[in-house]
Amino acid sequence: MNTALTITGLTKKYDNFTLDNISFSVPSGSIVGLIGENGAGKSTTVNSILGLIKKDGGKITILGQDIDDLDYTVKEKVGVVFDGSNFSEELTPIKLSKVLRDIYSSWDQSYFNDLLSQLDIPAAKKIKTFSKGMKMKLSIAAAFAHHPHLLILDEATSGLDPVVRDDILDMFLEFVQDEEHSILVSSHITSDLEKVADYIVFIHEGKMIFCMPKDELLERYGIIKCGAAQFDAVDKNDIVAYRKQDYEWQILVADREKAAKKYPKAMVIPAAIDEIMLLYVKGVN
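Okay, structure coming up:
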């Protein structure tokens, strides 16, 4: 399978944090969701991919080229949206497009104008007058307008109301339909990833917990809800993580079907992505 992005053994060390041996890939035509608590290493991973920080170890390739030797033609094929505006606040979208037209040979002014209209972005107002959500929509429009093959998005749907978020997610799904385009999206809004992601990469405290197809993750993982007596009876080898609530124990298991058969008196329910992450982060592993 062709891959738009491949990360092998990525390591970055700081005084009080280490991103430790992260490996995953973004297959062509797919959306990969990157999740983890604040400080888990998501932004360090994204910044390493983009060459904004120097990695201490590992290898990263984008569209088949090592990031240490990327030529301009490949850089042009990468679109980036950060959490927040990275454009001059004094510009209007119209003036911004003139700047970006000189940067990207693939800039599509007509498409950009269509996106401004589609996303209800005022073309002649200064960016400094925009709300956070409006700035985010402008960043997404600018990223799409130079026809990238790989989109890298860091909290790209934050600050957007649910209706606009849904429209943006539909744009993401349409973007990857031809199987030549791919998206890596770091997000804390796991419900968005449940809708659009093909794979989920979970980083916790600088270490990769898993990289799995989303459908397999949601199909396999489950939560046992039980009382103290039942908790004591659960085989500790079946427990991925657990925590005690006021009136019950919650146990994360990696094989929901097996747990339901093994513990017929316990309640075993499907686990959403945010519940899986929460039990890993706040529970006992």
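Residue numbering for the sequence shown follows numbering that gives the first Met the number 0, beginning at 0 and increasing consecutively. Ideal placement from N, C-alpha and C gives every residue a C-beta, glycine not left out. A quick note: this is a predicted structure, and the numbers were derived from the prediction, not measured.
Flag this pair as yes or no: are the beta carbons of residue i and residue j separated by less than 8 Å?
| i | j | result |
| --- | --- | --- |
| V252 | D273 | no |
| V73 | I61 | yes |
| I223 | V233 | yes |
| G205 | G40 | yes |
| V200 | I30 | no |
| K134 | E89 | no |
| A155 | V184 | yes |
| G32 | I202 | no |
| N347 | G38 | Because residue 347 is not part of the residues shown, which for the chain are 0 to 284, the question remains open. |
| S116 | Q108 | no |
| L149 | V45 | no |
| I151 | L49 | yes |
| S27 | A3 | yes |
| E193 | A271 | yes |
| P92 | I120 | yes |
| E75 | Y103 | yes |
| F143 | L114 | yes |
| Y279 | A240 | yes |
With distances taken from CA atoms, which of the options is nearest residue i?
| i | options | result |
| --- | --- | --- |
| A265 | I120, P147 and A228 | A228 |
| D191 | P161, I208 and G205 | P161 |
| F230 | Y262, A140, D177 and K213 | Y262 |
| K11 | T2, S22 and L4 | S22 |
| C210 | H148, M276 and K235 | M276 |
| A258 | R242, Y220, V280 and Y241 | Y220 |
| M207 | S24, N15 and D214 | S24 |
| V98 | A141, A240, Q244 and G63 | A141 |
| D153 | L278, L18 and G83 | G83 |
| F254 | G63, E179 and E215 | One detail in the question is off: residue 254 reads as Asp in this sequence, not Phe. With distances taken between Cα atoms, D254 lies closest to E215. |
| N112 | R164, L137 and S130 | L137 |
| V267 | V280, E218, N284 and Y279 | E218 |
Taking DSSP as the reference, what is the three-state secondary structure of residue i?
| i | result |
| --- | --- |
| Y103 | coil |
| A3 | strand |
| P269 | strand |
| T17 | strand |
| T60 | strand |
| H33 | Residue 33 is actually Leu in this sequence, not His. Strand, per DSSP. |
| K54 | coil |
| P263 | coil |
| S96 | helix |
| L90 | coil |
| D245 | coil |
| D65 | strand |
Just curious, the alpha helix (DSSP H) that residue i is in, first and last residue?
| i | result |
| --- | --- |
| S47 | K41 to I48 |
| V162 | P161 to F174 |
| S138 | K131 to F143 |
| A122 | First-last for A122: undefined, no H or E at that position. |
| Y71 | Y71 to K74 |
| Y110 | Q108 to Q117 |
| V283 | No alpha helix (DSSP H) holds V283; DSSP gives it neither H nor E. |
| L192 | T189 to V195 |
Looking at the C-beta of residue i, does it have a partner C-beta in chain B at a distance below 8 Å?
| i | result |
| --- | --- |
| W248 | Absent from the structure is chain B; it holds one protein chain and no more. |
Can you give me the start and stop residues for the beta strand (DSSP E) that residue i sits inside?
| i | result |
| --- | --- |
| F81 | F81 -> no beta strand (DSSP E), and no H or E assigned at all. |
| D153 | L149 to D153 |
| S185 | S181 to S185 |
| H285 | Since the first and last residues shown for the chain are 0 and 284, residue 285 lies out of range. |
Q | Segments assigned beta strand (DSSP E), at least 3 residues, entirely inside the region 213-241 | A | Secondary structure remark: continuous beta strand (DSSP E) runs of at least 3 residues inside the region 213-241, in chain order: 221-225.
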